[in-house]
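Chemist:
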Amino acid sequence: MIKLSRDIGIDLGTASVLVYLDGRGIVVNEPSAVALDKNTGKVLEVGAAAKKMLGRTPGNIVAARPLERGAISDYDMTATMLSVYLRRITRMSLVKPRVVVSVPSGITEVEERAVIQATMEAGARRVYLIEEPLAAALGAGMNIKGAGGNMVIDIGGGTTDIAVLSLNNVVKSTSIDSAGDAFDDAIIQYVRERYQVLIGSQTAEELKMAIGCVHPRPEPLVMTVKGRNLSSGLPQEVDVTSVDVMNALTTPCRDILYAVRSLLEKTEPELVADISKNGIMLTGGGSLVYGFDQLIYRSTGIACHVAEDAILCVALGCGKSLKWIDEMQEGTVNFARQKLMAE
Numbered sequence: 001m002i003k004l005s006r007d008i009g010i011d012l013g014t015a016s017v018l019v020y021l022d023g024r025g026i027v028v029n030e031p032s033a034v035a036l037d038k039n040t041g042k043v044l045e046v047g048a049a050a051k052k053m054l055g056r057t058p059g060n061i062v063a064a065r066p067l068e069r070g071a072i073s074d075y076d077m078t079a080t081m082l083s084v085y086l087r088r089i090t091r092m093s094l095v096k097p098r099v100v101v102s103v104p105s106g107i108t109e110v111e112e113r114a115v116i117q118a119t120m121e122a123g124a125r126r127v128y129l130i131e132e133p134l135a136a137a138l139g140a141g142m143n144i145k146g147a148g149g150n151m152v153i154d155i156g157g158g159t160t161d162i163a164v165l166s167l168n169n170v171v172k173s174t175s176i177d178s179a180g181d182a183f184d185d186a187i188i189q190y191v192r193e194r195y196q197v198l199i200g201s202q203t204a205e206e207l208k209m210a211i212g213c214v215h216p217r218p219e220p221l222v223m224t225v226k227g228r229n230l231s232s233g234l235p236q237e238v239d240v241t242s243v244d245v246m247n248a249l250t251t252p253c254r255d256i257l258y259a260v261r262s263l264l265e266k267t268e269p270e271l272v273a274d275i276s277k278n279g280i281m282l283t284g285g286g287s288l289v290y291g292f293d294q295l296i297y298r299s300t301g302i303a304c305h306v307a308e309d310a311i312l313c314v315a316l317g318c319g320k321s322l323k324w325i326d327e328m329q330e331g332t333v334n335f336a337r338q339k340l341m342a343e
């Protein structure tokens, strides 16, 4: 049966794209990757299939991630990727959908316009933007309606967004580049320097997910990976331990801890007291690295909790924000800094 358009929420992340369809929940969860034929401009693959092609394509095929550090780095690829996903879920709709898209707290006006235009070109009727930490808090089920202070740390692929929230509003926020991609880069660099072996970004991501930690594990883990020996240029296997990964992640974790403490220092004492009582919520894929909650507690003295479905929180928050879509200001994040309608 043909249906009228439903509103859509999109977590447009550096590492993955999640799409929430009003009334159905999350209907797309795919990597942010596109593979194109350079000669014809034809889209060959999008999502997981395109991600498998990264670093493995011949000269006539380009496989790339169109977002970097939370911002659009390739406009055409981003619009193409979004159009594929939107067509997939709106092919039976009579009217183009209204779309809420999550963006980092530190987004510039130029980056805002790029997100809006790419989403419009992909097939949206109207576009609204919501800050990622606010969406993450909504998706994690945090009670941010009252006057008490709450803190959320969303560790995504390209950015870590940290925010203090109160009265359904972002009071203070910051966004830094130390996130999932920075973790992968740090692991690559560490393995290169310690073992003289070069591994790829996908191998680094596998290490991070399988044995990664930022706080000592009860028992160290070991994972065998393959790479290229820097001296001989030949393939070589190397055993990487969880301690190696923890040492590799020292610098990006230090950046996150510094950003958290700096934001707390700029926050009103009453709100800091509330946060100390309520605790800190961790969301995003990066928060699933073992020991992040313990690391932040050890640094701040504030209890820290990892949200259920941490990877899905921003997308779920975009979905929850759809109930306020009629009150949103089109094409701006300003509404996210205003008090949202109480439920």
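Numbering (my numbering), first residue to last: 1 to 343.
Each residue gets a CB set at the ideal place from its N, CA and C atoms; glycine is no exception.
For Pro-104 and Gly-70, which I take to be in contact (beta-carbon distance under 8 Å), what is that distance rounded to the nearest angstrom?
Modeler: The sequence position of residue 104 within the sequence shown is 104, counting from 1. The sequence position of residue 70 within the sequence shown is 70, counting from 1. That pair is a contact at about 4 Å.
Chemist: Rounded to whole angstroms, what is the Cα-Cα separation between Gly-106 and Leu-312?
Modeler: The residue you call residue 106 lines up with position 106 of the sequence shown. The residue you call residue 312 lines up with position 312 of the sequence shown. The alpha-carbon atoms of Gly-106 and Leu-312 are separated by roughly 21 Å.
Chemist: What are the start and end residues of the alpha helix (DSSP H) that includes Gln-189?
Modeler: The sequence position of residue 189 within the sequence shown is 189, counting from 1. Per DSSP, Gln-189 belongs to the alpha helix (DSSP H) from 180 to 195.
Chemist: Helix or strand or just coil, what does DSSP make of Asn-334?
Modeler: Position 334 of the sequence shown, counting from 1, holds the residue named residue 334. Residue placement at Asn-334 is flagged as unreliable, the pLDDT there being 47, under the threshold of 50; the coordinate-derived value follows with that caveat. In this structure, Asn-334 counts as helix in the three-state DSSP scheme.
Chemist: Starting from Pro-176, follow its DSSP beta bridges and name the residues at the other end.
Modeler: To locate residue 176, count along the sequence shown from 1; it is residue 176. Reading off the sequence shown, one finds Ile at residue 176, where the question assumed Pro. Answer by DSSP bridge pairing, in chain order: Thr-160.
Chemist: Quick check on DSSP: helix, strand or coil for Asp-219?
Modeler: Stepping through the sequence shown from its first residue, residue 219 is reached at position 219. It should be noted that the sequence gives Glu, not Asp, for residue 219. It is coil, neither helix nor strand.
Chemist: Could you confirm whether any beta carbon from chain B is found closer than 8 Å to the beta carbon of Leu-36?
Modeler: The displayed structure is made up of one protein chain only, and chain B is not part of it.
Chemist: Please state the DSSP three-state secondary structure of Asn-278.
Modeler: As a first step, residue 278 must be located in the sequence shown, where it is residue number 278. Reduced to three states, the DSSP call for Asn-278 is helix.
Chemist: Between the Cα of Met-223 and the Cα atoms of Thr-78, Thr-119 and Thr-203, which residue gives the shortest distance?
Modeler: Locating residue 223 in the sequence shown gives position 223, counting from the first residue. Here the closest residue by C-alpha is Thr-203.
Chemist: Could you pull the start and end residues of the alpha helix (DSSP H) that Asn-150 belongs to?
Modeler: Taking the first residue of the sequence shown as 1, we reach residue 150 at position 150. First-last for Asn-150: 150 to 155, but that is the beta strand (DSSP E), not the alpha helix (DSSP H).
Chemist: Would you check if there are 3 or more beta carbon pairs closer than 8 Å linking the region 195 to 209 to the region 172 to 186?
Modeler: Touching, per the Cβ criterion.
Chemist: Does the pairing of the region 318 to 329 with the region 15 to 28 give three or more beta-carbon distances under 8 Å?
Modeler: Enough Cβ pairs lie closer than 8 Å, so yes.
Chemist: Which one of Ile-188, Leu-82, Ile-296 and Ile-275 has the shortest CA to CA distance from Asp-255?
Modeler: Numbered from its first residue, the sequence shown carries residue 255 at position 255. Of the listed residues, the one whose Cα sits closest to Asp-255 is Ile-296.
Chemist: Which two residues bound the contiguous alpha helix (DSSP H) that contains Arg-98?
Modeler: Working through the sequence shown from its first residue, we reach residue 98 at position 98. Arg-98 -> not in any alpha helix (DSSP H); beta strand (DSSP E) instead, spanning 98 to 103.
Chemist: Could you give the uninterrupted runs of the beta strand (DSSP E) lying entirely in the region 242 to 296, keeping only those of 3 residues or more?
Modeler: For the region 242 to 296, whole beta strand (DSSP E) runs of length 3 or above, ordered along the chain, are 280 to 283.
Chemist: In chain order, what residues of the same chain lie with their CB nearer than 6 Å to the CB of Ala-140, ignoring the 5 residues before and after it?
Modeler: Taking the sequence shown and counting its residues from 1, the one referred to as residue 140 is at position 140. Same-chain partners within the cutoff: Met-281, Thr-283, Ala-307 and Cys-313.
Chemist: Give the DSSP-derived three-state secondary structure of Ile-10 in the structure shown.
Modeler: Taking the first residue of the sequence shown as 1, we reach residue 10 at position 10. Ile-10 falls in the strand class under three-state DSSP.
Chemist: Can you tell me where the beta strand (DSSP E) holding Arg-69 begins and where it ends?
Modeler: For the purposes of this step, residue 69 is taken as residue 69 along the sequence shown, with counting starting at 1. Segment: none, Arg-69 is in no beta strand (DSSP E) and carries neither H nor E.
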